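Participant: When you number the sequence shown by this note's numbering, it's gap-free, plus one each residue, and the end is 1342.
Just so you know, even glycine gets a beta-carbon here, dropped at the ideal spot from N, CA and C.
These numbers come from a predicted model, not from an experiment.
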Amino acid sequence: MTWLDLLAGKALNRELPAREEALAVLVSGDDELLDVVAAAFRVRRHFFGRRVKLNYLVNIKSGLCPEDCFYCSQRAGSSADVLKYTWLKTGQVVASASAGVAGGARRVCLVASGRGPTDRDIDRVCDTISAVKSRHPDVEVCACLGLLTDGQAERLRDAGTMAYNHNLNTSGGHYSDICTTHEYADRVSTVTAAREAGLSPCSGLIAGMGETDEDLVDVAFALRALSPDSVPVNFLIPFEGTPLAGQWALTPQRCLRILAMVRFVCPDSEVRLAGGREIHLRTLQPLALHVVNSIFLGDYLTSEGQPGSADLAMIADAGFTIEGATPSAPPDALAPAEIAPADAFAPAASLTPSTPRPDLVHIRRRGPGTTLPPNT
Ligand code: SF4
967 MTWLDLLAGK
977 ALNRELPARE
987 EALAVLVSGD
997 DELLDVVAAA
1007 FRVRRHFFGR
1017 RVKLNYLVNI
1027 KSGLCPEDCF
1037 YCSQRAGSSA
1047 DVLKYTWLKT
1057 GQVVASASAG
1067 VAGGARRVCL
1077 VASGRGPTDR
1087 DIDRVCDTIS
1097 AVKSRHPDVE
1107 VCACLGLLTD
1117 GQAERLRDAG
1127 TMAYNHNLNT
1137 SGGHYSDICT
1147 THEYADRVST
1157 VTAAREAGLS
1167 PCSGLIAGMG
1177 ETDEDLVDVA
1187 FALRALSPDS
1197 VPVNFLIPFE
1207 GTPLAGQWAL
1217 TPQRCLRILA
1227 MVRFVCPDSE
1237 VRLAGGREIH
1247 LRTLQPLALH
1257 VVNSIFLGDY
1267 LTSEGQPGSA
1277 DLAMIADAGF
1287 TIEGATPSAP
1297 PDALAPAEIA
1307 PADAFAPAAS
1317 LTPSTPRPDL
1327 VHIRRRGPGT
1337 TLPPNT
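(1) Comparing C-alpha positions only, which one of R1238, H1102, D1184 and G1029 sits nearest to H1140?
(2) Between A1301 and D1265, what straight-line distance do the alpha-carbon atoms span, to the nearest angstrom?
(3) Just to confirm, does C1035 get its C-beta within under 7 Å of one of the non-hydrogen atoms of the ligand SF4?
(4) Would the beta-carbon of P1167 fall within 8 Å of that of V1157?
(5) Across the stretch 1116-1132 and the stretch 1070-1090, are there enough close Cβ pairs to call them in contact, namely three or more that are closer than 8 Å?
(6) Short of 6 Å in beta carbon distance, which residues of its chain neighbour E1120, apart from the five on each side in sequence? Order them along the chain.
(7) Alpha carbon to alpha carbon, how far is T1208 from S1045?
(8) May I ask you to report which of helix, strand or coil DSSP gives S1193?
(9) Suppose contacts are defined by Cβ-Cβ distances below 8 Å. Is L1189 in contact with G1170 by that definition?
(10) Quick one: residues in its chain with C-beta nearer than 8 Å to the C-beta of D1234, no 5 flanking neighbours on either side, listed in chain order?
(11) Helix, strand or coil for W969, going by three-state DSSP, please let me know.
(12) Hey, S1039 and T1268: beta-carbon distance below 8 Å or not?
(13) Can you give me the C-alpha to C-alpha distance between V1059 and I1026, rounded to a whole angstrom?
(14) Is it right to say T1136 is buried, meaning 16 or more other beta carbons lie within 10 angstroms of its own, or is it exposed?
(15) Under the criterion of a Cβ to heavy atom distance below 7 Å, does Q1213 qualify as lining the ligand SF4?
(16) Heavy atom of the ligand SF4 less than 7 Å from the Cβ of Q1040, yes or no?
(17) On the three-state DSSP scale, how would you describe L1255?
(18) For R1011 and L1216, I'd like the C-alpha separation in whole angstroms.
(19) Going by the CB atoms, is the gap between V1098 and L1111 shorter than 8 Å?
(20) Given this structure, state the Cα-to-Cα distance separating V1228 from D1085, to the nearest angstrom.
(21) What residues in its chain sit with their C-beta under 6 Å from that of A1078, if we drop five residues either side in the sequence?
(22) Taking only runs of the alpha helix (DSSP H) that begin and end inside the stretch 1069-1148, which ones reach a length of at least 4 residues, in chain order?
(23) Hey, L978 and V1002 are a contact pair by Cβ (cut 8 Å); roughly how many whole angstroms apart?
(24) Below 7 Å, is the gap between the Cβ of C1343 and the nearest heavy atom of the ligand SF4?
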């Protein structure tokens, strides 16, 4: 029996691995990469079969945030040329959410920039969530509005919100290196408040921000301690105009190891391949489907993903099936998006796995907050 067999066996029993075992995944060599993926796939298949859950992001308030999260294109002082707009109208949110649902999304994630909502903001978001639920009673609505104060999670729940997202992002020890305007403990408190209010906790991380392997294991273990139902794993999109511009520390192979480590630590959580997958995993994206059981369809908050049709084709080609919703044509009001050209994510010549790829970062110019239809 190999060390990976032992690790997969623990995960199948929902047993927490030893820190050394999680670290061993991160330092495993390229010769072992497919063995690592195969071991993680055993766990993924046991808990989730070959299903892939599609989630759809709607950025309902973009940019102009007073916080200084170093990785974020919407932060205070960011000169990234991202879309900036205040709260979308309910009809705009419902239209975008409907496009995602038509594309096969089972969950719609409504995200707003900012430190956290005021009670008036909660009024507005609750109205919007009620409208989305009224149009799509079976779709899961997740809210991501920042730090919550007393009673806000309960009000979101009562309006029909199913889940609340608030990522830990990195380890407690590394947190002050990526943000100075709030603390790691604030984030833990909000995830805890969401859970206590009966919302499904969604909390994950961002890799590629200068953290060590120990930091990655720390944040994975911290997430496990919070028992999130969903764990989004993001890979840093190093936007020009942010403090982390130019940080291209990830390779496709490292991304796969990070995803596998998270799968072993959080075996029965929905592990979601989130932002940055196109630019860091690139042609290895389909391999990641053997580890994760969830992705975002189409675009991200401030950057464009590959065409939604390419997401669906990738899932089908890799032999996986979409969970829940049946894809259908988008509504008439939402004509096919002017999606990024087919070669927008194409490989360039003379590359190694560690070649920086700023050419693959595309600021979002369609969908919510624009006159162009979304990418689904
Ligand atoms: S609080 Fe949210 S929107 Fe604001 S800078 Fe941090 S991550 Fe970006």
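Facilitator: This is what the structure holds:
(1) In the sequence shown, the residue the question calls residue 1140 occupies position 174. Selected option, being the one with the closest Cα: D1184.
(2) The sequence position of residue 1301 within the sequence shown is 335, counting from 1. The sequence position of residue 1265 within the sequence shown is 299, counting from 1. Summary for A1301: the model assigns pLDDT 47, below 50, so the residue's position carries little reliability, and this model does not support an answer.
(3) Taking the sequence shown and counting its residues from 1, the one referred to as residue 1035 is at position 69. Because some heavy atom of the ligand SF4 lies under 7 Å away, the Cβ of C1035 counts as near it: yes.
(4) By one-based count along the sequence shown, residue 1167 stands at place 201. By one-based count along the sequence shown, residue 1157 stands at place 191. Contact: yes.
(5) Yes: the two stretches touch, three or more of their Cβ pairs being nearer than 8 Å.
(6) By 1-based counting over the sequence shown, the position of residue 1120 is 154. Excluding positions up to five away in sequence, the list reads A1163.
(7) In the sequence shown, the residue the question calls residue 1208 occupies position 242. In the sequence shown, the residue the question calls residue 1045 occupies position 79. Near 7 Å, if we compare the C-alpha coordinates of S1045 and T1208.
(8) Position 227 of the sequence shown, counting from 1, holds the residue named residue 1193. In the three-state reduction of the DSSP assignment, S1193 falls in the coil class, being assigned neither a helical nor a strand state.
(9) Your numbering for residue 1189 matches position 223 in the sequence shown. Your numbering for residue 1170 matches position 204 in the sequence shown. Yes, the pair counts as a contact, with Cβ atoms nearer than the cut-off.
(10) Sequence index remark: in the sequence shown, residue 1234 carries index 268 (1-based). Excluding five sequence positions before and after D1234, the CB atoms of its chain that fall closer than 8 Å to its own CB belong to R980 and F1013, given in chain order.
(11) Reading the sequence shown from its first residue, position 3 is the one you call residue 969. Three-state DSSP puts W969 in a helix.
(12) The residue you call residue 1039 lines up with position 73 of the sequence shown. The residue you call residue 1268 lines up with position 302 of the sequence shown. Yes, they are a contact pair.
(13) Residue mapping note: residue 1059 aligns to position 93 of the sequence shown, counting from 1. Residue mapping note: residue 1026 aligns to position 60 of the sequence shown, counting from 1. Approximately 7 Å between the Cα atoms of the pair.
(14) In the sequence shown, the residue the question calls residue 1136 occupies position 170. The residue in question, T1136, is buried, as its Cβ has 16 or more Cβ neighbours within 10 Å.
(15) Position 247 of the sequence shown holds residue 1213. The answer is no for Q1213.
(16) What you label residue 1040 is simply residue 74 of the sequence shown in a count that begins at 1. Yes; taking the cut-off as 7 Å, the Cβ of Q1040 has a heavy atom of the ligand SF4 nearer than that.
(17) Translated into the one-based positions of the sequence shown, residue 1255 becomes position 289. In the three-state reduction of the DSSP assignment, L1255 falls in the coil class.
(18) Within the sequence shown, numbered from 1, the residue matching residue 1011 stands at position 45. Within the sequence shown, numbered from 1, the residue matching residue 1216 stands at position 250. R1011 and L1216: Cα-Cα distance of roughly 26 Å.
(19) Here residue 1111 corresponds to residue number 145 of the sequence shown, with the count starting at 1. Here residue 1098 corresponds to residue number 132 of the sequence shown, with the count starting at 1. No, the Cβ-Cβ distance between L1111 and V1098 is not below 8 Å.
(20) Taking the first residue of the sequence shown as 1, we reach residue 1228 at position 262. Taking the first residue of the sequence shown as 1, we reach residue 1085 at position 119. Going by the C-alpha atoms only, they are around 35 Å apart.
(21) Walking along the sequence shown from the start, residue 1078 turns up at place 112. Cβ within range, chain order: I1026, K1027 and L1111.
(22) Those alpha helix (DSSP H) runs which fall completely within the stretch 1069-1148 and span 4+ residues are 1085-1101 and 1118-1124.
(23) As a first step, residue 978 is located in the sequence shown; it is residue number 12 there, counting from the start. As a first step, residue 1002 is located in the sequence shown; it is residue number 36 there, counting from the start. The Cβ separation is near 16 Å, so there is no contact.
(24) Lying outside 967 to 1342, the shown extent of the chain, residue 1343 is not represented and no answer is given.
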